[in-house]
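Participant: If you read the sequence shown in the working numbering, its first letter stands for residue 1157, the second for the next number, and so on.
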Amino acid sequence: MNLRPLKIVVIEDYDALREAMCDVLSSDGHDVVGVSMAEEVDDEPTGFVSDLYIIDLNLPGEDGISLAQRIRRSQPEVGIVIVSARSSVDDRIGGYKSGANIYLTKPLSLEELRAVVDGIVQRLLSAEASRATCVTLSPMKMLVTGPSGKARLTQPEVSLLAALTRAPQRDLEHWQVAAHLGNGEEISKDNLEVKLGRLRKKLVACGAEAPVIQSLRGIGYRLTTPVEVLRD
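#1: Within 10 Å of its beta-carbon, does aspartate 1212 have 16 or more other beta-carbons around it, so buried, or fewer, so exposed?
#2: Identify the continuous beta strand (DSSP E) that holds leucine 1299 and give its terminal residues.
#3: Hey, aspartate 1327 and leucine 1293: beta-carbon distance below 8 angstroms or not?
#4: Would you call the CB atoms of glycine 1363 and valine 1314 closer than 8 angstroms?
#5: State the CB to CB distance for the pair methionine 1298 and leucine 1309, rounded to an integer number of angstroms; the pair is presumed to be in contact (CB under 8 angstroms).
#6: Looking at the ligand SAM, does it come within less than 7 angstroms of glutamate 1195, judged from the CB to the closest heavy atom?
#7: Among the residues of its own chain, which have a CB less than 7 angstroms from the CB of lysine 1163, if the five just before and after it don't count?
#8: For tyrosine 1170, which residues in the same chain have their Cβ closer than 8 angstroms to its Cβ, ignoring the five residues on either side in sequence?
#9: Roughly how many angstroms lie between the CA atoms of tyrosine 1209 and glycine 1220, to the nearest whole one?
#10: Assuming valine 1189 contacts valine 1165 (C-beta within less than 8 angstroms), just tell me the rounded distance between them.
#11: With 16 other CB atoms within 10 Å as the buried threshold, where does glycine 1235 fall?
#12: Return the chain-ordered list of same chain residues with a C-beta closer than 7 angstroms to the C-beta of arginine 1279, the five sequence neighbours on each side being excluded.
#13: Where does the unbroken alpha helix (DSSP H) through lysine 1345 begin, and where does it stop?
#14: What's the call for methionine 1157, buried or exposed, on a 16-neighbour Cβ count within 10 Å?
#15: By how many angstroms is the C-alpha of lysine 1253 removed from the C-alpha of glycine 1217?
#16: I'd like to know whether the C-beta atoms of alanine 1366 and alanine 1307 end up nearer to each other than 8 angstroms.
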């Protein structure tokens, strides 16, 4: 069973294929509902909020492209896999433009489908872990917030942290860090390390993983924890 079971809706009008897809994904621990037409998607069981839709293009009534577009508009973050016998480049492009994350062609390999769903599980787990450990910076409020709490920053600390998030590889040279923390004035190496130490402690107290700001010998410093800068 997967560590992160998904709620999946399979929309396929060919009964044998729909049942096979539902069976293999259910055997992997997912909560799967199978329907034969787009109109039945609107009748999902109460409380069944889908993580993933697997959609055949050639459906009776509303077609798969229209359904994918409708789902994408209403659920921007949901996963959509299109399954179709149409394999031309134009068909694939149309599928992706409709909102599909992945386009699989028939005859469908159930093992490939399982691999695709496992990949989606891993991306969700990674995104959830990132959100759980994410630190946010509010420049206007001069505040950092993380999974363990909040901390007030000084204006030089806000300036440095924002600059590190924008820098390539989140690296800044010594003189750049000194310029931010010195607030336009000369700052000694010892004073710089003291100020960096205070900032590190604030970030770790909020839940960021140490060292947060890593010293790069002979170069400068690197921000090792992702920080999202909020637009206040």
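Yeah, the Cβ is synthetic: ideal placement off N, Cα and C, and Gly gets one too.
Facilitator: Working from what's here:
#1: buried
#2: 1299 to 1302
#3: no
#4: no
#5: 5 angstroms
#6: No copy of the ligand SAM occurs in the structure displayed, which carries no ligand at all.
#7: Asp1187, Phe1204, Val1205, Ser1206 and Asp1207
#8: Asp1212
#9: 11 angstroms
#10: 5 angstroms
#11: buried
#12: none
#13: 1345 to 1361
#14: Unreliable positioning characterises methionine 1157 in this predicted model, as indicated by a pLDDT of 42, which lies under 50. A coordinate reading is not provided.
#15: 21 angstroms
#16: no
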